[in-house]
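Numbering (my numbering), first residue to last: 587 to 1054.
What follows is the structure, encoded as structure tokens:
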């Protein structure tokens, strides 16, 4: 594994011999361990490195978080040495490193991990809940929880235990082209309340020459974008998540309905472009086509708005984005049919920061984790940019001038869902991508469902699947 490391050491007092922050063999969860220490050494790690991958985050930790936290500790009479160990590795290589560190009782005190890794690490007893490490009363007392929607907190929850604090998030909606809607006789302010209403708008857009009515990510070339910006939002719109009570959805009526919707879009009715789903750069091409007024409706994350179509710095600059792009919540299959009886649904991605259970300084590590997720720190991390964060108070302030991102923060995040945080997820996701690819290539929803069921059996075992 190729890895670059950035190491920053900051101390409030010079010529001090601090307690070592290196983590040795696994220790029992003792929330009071070294609680009164006057010399403390802590380490933060994340998949970010100055001048490389996620450079802005690395700079925020080293230049903002560390010096201010050290100064705060100094005011309390504590000499704190805090280091940032940066990584610029691929996600899987970074995950491997974290897993090895945890297995050997090493690693940083504060670790950034993808939310979909939480269940795997927790199930393997490599990480412990915040309550176990810090103490439930201390964890519950943090003011920040009131500012993080319960749905967003769930990214760091496994089996009803809270393992970390969310580190940013996003949301998925239906984007639509207002120019094309006007030409098709559709309203400028549009909110479908069912799949049928979505398809009805697609039928109206189909009358426009040279326009693809609906872009619903499908196939294996799109990768995880197919799962997150396609299949999973639709699946929770049928009322059932992919994994519930330890069982995966196999050949269920819910999944058949989702693949049936794919069939209606790509099965020859002219609502979607099946060839685009099979191209290696199909997703990038779909972005360009949307900006060029060639796609009417697209299910995407807020990344499309803030990064891809951004008028001045976007990957595919859309000069009239603010006036020509509308957005709507993703409807459940029909009103009230979504998870928890919701009318509208979404999916979100996100990471968490957790405390290594081997830390020698659990109290101080929790103080650092709270500090990193304070309103002031979260705003500092944005550096003046408009982006959805995990905190409602910060979103209300920094997104006030961006109606789209405010919509995500206020309407989408309270009802969103997250991917299952378990080891088999990535393989199951690949099988789901293949199921949509089968539909796009001409198979029926039932044929694709049957093939997926067989693939799922090989991944998780027949006893871990629900059908019907």
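Glycine included, C-beta positions come from ideal geometry on N, C-alpha and C.
Quiz prompt | Close-in-space but distant-in-sequence residues of the same chain around residue 629 (CB under 7 Å, 5 per side omitted) | solution = Counted from its first residue, the chain shown places residue 629 at position 43. Within the same chain, residue 629 has close Cβ partners 607, 669, 671, 694, 695.
Quiz prompt | Length at least 4, wholly inside the region 728-762: the alpha helix (DSSP H) runs in chain order | solution = Taking 4 residues as the shortest admissible run, the region 728-762 contains the following complete alpha helix (DSSP H) segments, listed from N- to C-terminal end: 736-739.
Quiz item: Run through DSSP, which three-state label would residue 607 get?
Solution: The residue labelled residue 607 in the question sits at position 21 within the chain shown. Reliability of the predicted coordinates at residue 607 is poor, the pLDDT of 39 falling under 50, and no value is obtained from them.
Quiz item: Just the Cα atoms here: how many angstroms apart are residue 942 and residue 955?
Solution: In the chain shown, counting from the first residue as 1, residue 942 sits at position 356. In the chain shown, counting from the first residue as 1, residue 955 sits at position 369. Approximately 11 Å, taken between the alpha carbons.
Quiz item: What number of angstroms, rounded off, separates the C-alpha of residue 1003 from the C-alpha of residue 847?
Solution: Taking the chain shown and counting its residues from 1, one reaches residue 1003 at position 417. Taking the chain shown and counting its residues from 1, one reaches residue 847 at position 261. Straight-line Cα distance between these residues: approximately 20 Å.
Self-check item: CA nearest to the CA of residue 873, picked from 803, 823, 940
Solution: Position 287 of the chain shown, counting from 1, holds the residue named residue 873. If we check each option's Cα against that of residue 873, 803 comes out closest.
Quiz item: Going along the chain, which unbroken runs of the beta strand (DSSP E) with 3 or more residues stay wholly within the region 794-865?
Solution: 798-801, 833-835
Quiz prompt | Given residue 808 as reference, the closest of 1035, 867, 775, 996 once Cα atoms are compared | solution = As a position in the chain shown, residue 808 is number 222, starting the count at 1. Of 1035, 867, 775, 996, the residue nearest in Cα terms is 867.
Quiz item: What first and last residue would you give for the beta strand (DSSP E) that runs through residue 911?
Solution: The residue given as residue 911 occupies position 325 in the chain shown. Taken as a continuous stretch (DSSP letters only), the beta strand (DSSP E) holding residue 911 covers 911-914.
Quiz item: Do you know offhand how far residue 752's Cα is from residue 800's?
Solution: The residue you call residue 752 lines up with position 166 of the chain shown. The residue you call residue 800 lines up with position 214 of the chain shown. One C-alpha to the other measures close to 32 Å.
Quiz item: Where does residue 904 fall in DSSP's three states?
Solution: Locating residue 904 in the chain shown gives position 318, where the first residue counts as 1. Residue 904 falls in the coil class under three-state DSSP.
Exercise. With a threshold of 16 other CB atoms inside 10 Å of the CB of residue 733, please say whether the residue is buried or exposed.
Key: Here the question's residue 733 lines up with position 147 in the chain shown. Result: buried.
Practice problem: Output the residue ranges of the beta strand (DSSP E) runs that lie fully inside the region 643-693 and measure 3 residues or longer, sorted by chain position. | Solution: 665-672
Quiz item: From this set, 1019, 681, 1041, 933, which residue's C-alpha is nearest residue 822's C-alpha?
Solution: Taking the first residue of the chain shown as 1, we reach residue 822 at position 236. When only C-alpha atoms are compared, the closest one is 933.
Practice problem: Could you pull out every unbroken beta strand (DSSP E) segment of at least 3 residues lying fully inside the region 875-905, listed in chain order? | Solution: 881-887
Quiz prompt | Opposing strand residues paired with residue 917 [DSSP bridges] | solution = Within the chain shown, residue 917 is the residue found at index 331, counting from 1. Answer by DSSP bridge pairing, in chain order: 930.
Exercise. Assess, as a yes-or-no matter, whether the region 763-772 is touched by the region 828-842 under the definition of 3 or more beta carbon pairs within less than 8 Å.
Key: no
Quiz item: Hey, residue 940 and residue 883: beta-carbon distance below 9 Å or not?
Solution: Stepping through the chain shown from its first residue, residue 940 is reached at position 354. Stepping through the chain shown from its first residue, residue 883 is reached at position 297. Contact: no.
Self-check item: Among 832, 857, 1017, nearest to residue 797 - alpha-carbon criterion
Solution: For this step, residue 797 is matched to residue 211 along the chain shown. Nearest of 832, 857, 1017 to residue 797, Cα basis: 857.
Quiz item: To the nearest angstrom, how far is it from the Cα of residue 886 to the Cα of residue 980?
Solution: Locating residue 886 in the chain shown gives position 300, counting from the first residue. Locating residue 980 in the chain shown gives position 394, counting from the first residue. Spanning the two alpha carbons is a distance of roughly 23 Å.
Self-check item: CA nearest to the CA of residue 815, picked from 760, 829, 824
Solution: Working through the chain shown from its first residue, we reach residue 815 at position 229. Closest by alpha carbon: 760.
Quiz item: Comparing alpha-carbon positions, which option in 744, 1014, 1048, 930 lies nearest residue 921?
Solution: In the chain shown, residue 921 corresponds to position 335, counting from 1. If we check each option's Cα against that of residue 921, 930 comes out closest.
Quiz item: Taking the alpha-carbon positions, what's the residue 645 to residue 889 distance?
Solution: Counting from one through the chain shown, the residue named residue 645 turns up at place 59. Counting from one through the chain shown, the residue named residue 889 turns up at place 303. Their backbone Cα atoms lie some 22 Å apart in a straight line.
Practice problem: Tell whether a beta-carbon distance below 9 Å holds between residue 1049 and residue 911. | Solution: Position 463 of the chain shown, counted from the start, is the residue given in the question as residue 1049. Position 325 of the chain shown, counted from the start, is the residue given in the question as residue 911. Going by C-beta atoms, residue 1049 is not nearer than 9 Å to residue 911.
Practice problem: Compute the Euclidean distance between the alpha carbons of residue 1011 and residue 662, then round it to the nearest angstrom. | Solution: For the purposes of this step, residue 1011 is identified with residue 425 of the chain shown, where counting begins at 1. For the purposes of this step, residue 662 is identified with residue 76 of the chain shown, where counting begins at 1. The alpha-carbon atoms of residue 1011 and residue 662 are separated by roughly 44 Å.
Self-check item: For residue 999 and residue 757, the rounded distance between their alpha carbons
Solution: Here residue 757 refers to the residue found at position 171 of the chain shown. Here residue 999 refers to the residue found at position 413 of the chain shown. Looking at the two C-alpha atoms, the distance is approximately 7 Å.
Exercise. Please report how far the alpha carbon of residue 1017 lies from the alpha carbon of residue 664, in whole angstroms.
Key: For this step, residue 1017 is matched to residue 431 along the chain shown. For this step, residue 664 is matched to residue 78 along the chain shown. Each residue's alpha carbon lies about 52 Å from the other.
Practice problem: May I ask you to list the residues that DSSP assigns as paired with residue 632? | Solution: By one-based count along the chain shown, residue 632 stands at place 46. Paired residues: 672.
Quiz item: Between the region 777-788 and the region 966-973, do at least 3 Cβ pairs fall closer than 8 Å?
Solution: no
Quiz prompt | Length of the line joining the Cα atoms of residue 1023 and residue 845 | solution = In the chain shown, counting from the first residue as 1, residue 1023 sits at position 437. In the chain shown, counting from the first residue as 1, residue 845 sits at position 259. The alpha-carbon atoms of residue 1023 and residue 845 are separated by roughly 10 Å.
Quiz prompt | Assigned exposure category for residue 633 - 16 Cβ within 10 Å defines buried | solution = Position 47 of the chain shown, counted from the first residue, corresponds to residue 633. Per the 10 Å Cβ criterion, buried.
Quiz item: Is it buried or exposed for residue 673, if we count other Cβ within 10 angstroms and need 16 for buried?
Solution: The residue you call residue 673 lines up with position 87 of the chain shown. Flag for residue 673 reads buried.
Practice problem: Using beta-carbon positions only, say whether residue 619 and residue 949 come within less than 9 Å of one another. | Solution: Taking the chain shown and counting its residues from 1, the one referred to as residue 619 is at position 33. Taking the chain shown and counting its residues from 1, the one referred to as residue 949 is at position 363. Their beta carbons are under 9 Å apart, which means residue 619 touches residue 949 by this criterion.
Self-check item: Short Cβ contact (9 Å threshold) for residue 676 with residue 716
Solution: Position 90 of the chain shown, counted from the start, is the residue given in the question as residue 676. Position 130 of the chain shown, counted from the start, is the residue given in the question as residue 716. No, they are not a contact pair.
Quiz item: For residue 994, which residues from the same chain have a beta carbon less than 6 Å from its beta carbon, with the 5 sequence-adjacent residues on both sides left out?
Solution: Within the chain shown, residue 994 is the residue found at index 408, counting from 1. These residues qualify, in order along the chain: 757, 888, 974.
Quiz item: Does the distance from the C-beta atom of residue 698 to that of residue 747 stay below 9 Å?
Solution: Mapped onto the chain shown, residue 698 falls at position 112. Mapped onto the chain shown, residue 747 falls at position 161. No, they are not a contact pair.
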